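Numbering (the working numbering), first residue to last: 1 to 464.
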């Protein structure tokens, strides 16, 4: 097994000291506190946000980009922003430019969204577009806070989708902005009868074969909460949920040809009051567990997008796959489990399976034996770990990669996470999860692990 490079971001942040989540959240000390996390990742670059905690609302203090070659860090960019950028929505890896936005309150009646271009090489920030939002009224006590809720999504470096869903806004709106010629295209918000894009609860951009796709879920109620109210027989407002996958290039072509986009065209499924549905992030790097370890890579390695749909009447959850290339849905199988219990699901060629232990780890010593349960056929096989995991460590997740597979363990007593290769009893990395975390750099084309980046989660300025 070739050695996997491990890089610690703390080496770049030597003027800062790590603090725990408890200190970051509850400390009343009058010191600036920062949260660090990756927001974009490919096999060549990983972009970290250093977010400053502020009583008026968190904003990005600085941007850190690690450029990698053959798994090793070749270049480090650490740039302190001039404007109080709220979020980064686009990263051009070749030109090292970003797009981000700010939100401010002009007065109690108007808010303003500003979109900036950020050139990391030239260290320049340029205002590209501003959007005024008329509000129905803001309480005087709220004037200093972030004044409105709006989804800002970059379809590419030129076109931005804005979905204003804030209850304080006088008029909700959904539009696409051309940043180059400053034109605006307003969208029909309707998706299905009595349900619109203004019920959006999730949006994420992904890339497959150099094509960008916008994944959207609507319905602003959790599965467990919706199930609870349904079983009580109580009425709720947010009955409908939908899943949409929008090919960004196709949407832009419709705009340029003068065709007004119809959102229902991109609807892949819908749930009524007796149902709930969601995209299913399958195991590898799209699945999150303890403290949200997940990949921030926009790249996906398969056109098959799994999602789940639970029926509260039958207590059955169906698993489907949507093909990005054919735009067709395929039924995979069903499980007698609530939708939130079907985590994670792994993919092996065109088959999906669950992986779970048949024994309680505290009752029996056979903690290295797992059941491999294929969805649809209900075929069962066994998977045994070829390495010995210490008794105090709980197995949290697997990553089956082409160069070798990885298992993640958690020690709740000593509060650390270990990263193991299935070829070695010694961990590749050991991380104290109260104040640091990690990201796996995987090449989406080869499905091989290139590097592991360890980074501090919470920081304060050191007193030297």
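We put the CB at the ideal spot given by N, CA and C, even for glycine.
Just so you know, these numbers come straight off a predicted model, no measurement behind them.
Three or more Cβ pairs drawn from the stretch 243–261 and the stretch 216–235 lie within less than 8 angstroms of each other, which places the two stretches in contact.
Nearest to residue 89 by C-alpha distance, out of 39, 332 and 315, is 39. Secondary structure of residue 334 (DSSP, three-state): strand. Under a 10 Å Cβ-count criterion, residue 160 is classified as buried, with 16 or more other Cβ atoms of the shown protein chains found around its own Cβ. For residue 325, the secondary structure class from DSSP, reduced to helix, strand or coil, is coil. Around the beta carbon of residue 443, 16 or more other beta carbons sit within 10 angstroms, so the residue counts as buried.
Beyond the five residues adjoining it in sequence on each side, residue 351 comes within less than 7 angstroms, by CB distance, of 374 in the same chain, given in chain order. Taking C-beta separations shorter than 8 angstroms and ignoring five residues to either side along the sequence, the partners of residue 19 in its chain run 27, 33, 435, 458, 459 and 460, following chain order. Secondary structure remark: continuous beta strand (DSSP E) runs of at least 3 residues inside the stretch 210–271, in chain order: 211–218, 241–247 and 267–271.
In the DSSP annotation of this structure, residue 437 is not part of any alpha helix (DSSP H); the continuous beta strand (DSSP E) holding it starts and ends at 436–443. Contact check for residue 65 against residue 456 fails: the beta carbons are separated by 8 angstroms or more.
The closest CA to that of residue 401, considering only 419, 448 and 377, is found on 448.
Here the alpha carbons of residue 234 and residue 439 stand approximately 43 angstroms from one another. Closest in alpha carbon position to residue 78, among 50, 72, 69 and 179, is 50.
Contact annotation, residue 48 with residue 9: C-beta distance approximately 7 angstroms; criterion of less than 8 angstroms satisfied.
Counting along the chain, the unbroken alpha helix (DSSP H) around residue 24 starts and ends at 21–26.
Secondary structure at residue 4: coil, using DSSP grouped into helix, strand and coil. By the Cβ-count criterion, residue 331 is exposed, with fewer than 16 other Cβ atoms from all chains shown falling within 10 Å of its own Cβ. DSSP, reduced to helix, strand and coil, places residue 449 within a strand of the structure shown.
Taking the Cβ atoms as the reference, residue 416 lies roughly 13 angstroms from residue 428, outside the contact range of under 8 angstroms. Per DSSP, residue 57 is not a residue of any beta strand (DSSP E), being assigned neither H nor E.
Rounded to whole angstroms, the separation of the alpha carbons of residue 197 and residue 414 is 45 angstroms.
Look at residue 279 here: in three-state DSSP terms it is strand. Spatial neighbours of residue 128 in its own chain (CB-CB distance under 6 angstroms, excluding positions within 5 residues in sequence) are listed in chain order as 115, 117 and 179. Residues 151, 153 and 216 of the same chain have their beta carbon placed closer than 6 angstroms to that of residue 203, with the five preceding and five following residues left out of the count. Take residue 247, set aside five residues on each side of it, and the residues of its chain with a beta-carbon closer than 7 angstroms to its own are 211 and 213, in chain order. Closest in C-alpha terms to residue 320, from the list 300, 309, 53 and 326, comes 309. Per the C-alpha coordinates, the member of 175, 433 and 404 positioned closest to residue 420 is 404. Put simply, the backbone Cα of residue 53 is about 47 angstroms away from that of residue 382.
By the neighbour-count criterion, in which 16 or more other beta carbons inside 10 Å mark a residue as buried, residue 100 falls on the buried side.
One thing to note: residue 261 has its Cβ within 8 angstroms of the Cβ of residue 255. Linking residue 6 to residue 264 through their CA atoms gives a straight-line distance of about 45 angstroms. A straight line joining the alpha-carbon of residue 201 with that of residue 165 spans about 10 angstroms. Residues 384 of the same chain have their beta carbon placed closer than 6 angstroms to that of residue 369, with the five preceding and five following residues left out of the count. Nearest in C-alpha terms to residue 271, of all of 454, 325, 176 and 192, is 192. Linking residue 334 to residue 316 through their CA atoms gives a straight-line distance of about 7 angstroms.
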